[in-house]
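What follows is a set of notes on a single structure, which appears directly below.
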Amino acid sequence: MQKGMGLTLTAGFIMLCFYACKKDEKTVSPPLPGNEFLTTVRLVAVNTADASDVQVATITDTTIISHPPDSIDHPVLTLHAGSTYNVSVRFLDETKTPAGNVTDDIYDRRNYHLLCFDISGGANLSVTRTDLDTNNPPLPIGLQDKFTTGAASTGKLNVQLRHQPNAKNGSCDPGSSDADVDFNIVIQ
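For the sequence shown, the positions run 2 to 189 when my numbering is used.
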């Protein structure tokens, strides 16, 4: 009887281990990437008809720098009337030495980001995003753009980097803002 009881106990122990070790399968999703940390937004505009016509405007934290340094009080992007510019938008983290290039991180996560542009105040400017992500169908990113100017005018350009993990649909509505800054636009 002890032999039969030993087999029963052994079989029971094996069954207990089998069921105790069996785990339900679960789908594990990686955590969504958080918002980007950045201190600086820079617009670099190169005239398609004159490569020597390069205009740069930079906003750093609460300090505003304009290149050429014609104004310390306001970030100004000065463009020629009736022109087309290839524009790159760059993001930096200048709390590091050397400054961290957040633009590369944004590009790596391009399926989660969208740059939105809002023109106000009468600036004769149109903006077309020229780069695409790898979504299906591909959606615009906005790190590379085409700015087309009309007649002489002034206004504002709001640049907003939208963080849209699992929500990007080509519109600016979903998600949160990594950056939301205004540049003064002068078209002359």
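All C-beta atoms, glycine included, are put in the ideal place defined by N, C-alpha and C.
Predicted model, so just to flag it, every value in this text is computed and none were measured.
- Item | residue 50, buried or exposed, once every other Cβ within 10 Å from all chains shown has been counted against 16 | Note on residue 50: under 16 other CB atoms within 10 angstroms of its CB, so exposed under the neighbour-count rule.
- Query: Assuming residue 112 contacts residue 134 under a Cβ cut-off of 8 Å, what Cβ separation, rounded to an integer in Å, is found between them?
  - Reply: The C-beta distance from residue 112 to residue 134 rounds to 5 Å, short enough to fall under 8 Å.
- In angstroms, rounded to a whole number, what distance separates the CA positions of residue 93 and residue 122? About 28 Å.
- Query: Thinking just about the alpha-carbon of each residue, which of 163, 142, 47, 125 is nearest to the one in residue 177?
  - Reply: It is 163 whose Cα lies nearest to the Cα of residue 177.
- Task: Measure the C-alpha to C-alpha separation of residue 46 and residue 129 and round it to an integer number of angstroms.
- Result: Approximately 13 Å between the Cα atoms of the pair.
- Message: So residue 179 and residue 39 are supposed to be a Cβ contact under 8 Å. How far apart are they, rounded?
- Response: The pair is a contact, with the Cβ atoms about 7 Å apart (cut-off 8 Å).
- Ordered along the chain, which non-local residues of its own chain (more than five positions away) have a Cβ less than 6 Å from that of residue 127? If we look at residue 127 and ignore the five residues flanking it on each side, its Cβ neighbours are 149.
- Message: As a quick exercise: from 109, 146, 156, pick the residue whose alpha carbon is nearest that of residue 166.
- Response: Nearest option by C-alpha distance: 109.
- Taking DSSP as the reference, what is the three-state secondary structure of residue 111? Of the three classes helix, strand and coil, the one that applies to residue 111 here is helix, per DSSP.
- Task: Tell me whether the beta-carbon of residue 184 lies closer than 8 Å to the beta-carbon of residue 80.
- Result: Contact flag unset, no.
- Looking at the structure shown, is residue 106 part of a helix, part of a strand, or coil, going by DSSP? Reduced to three states, the DSSP call for residue 106 is helix.
- Item | Under the three-state DSSP convention, the category residue 139 falls into | Residue 139 falls in the coil class under three-state DSSP.
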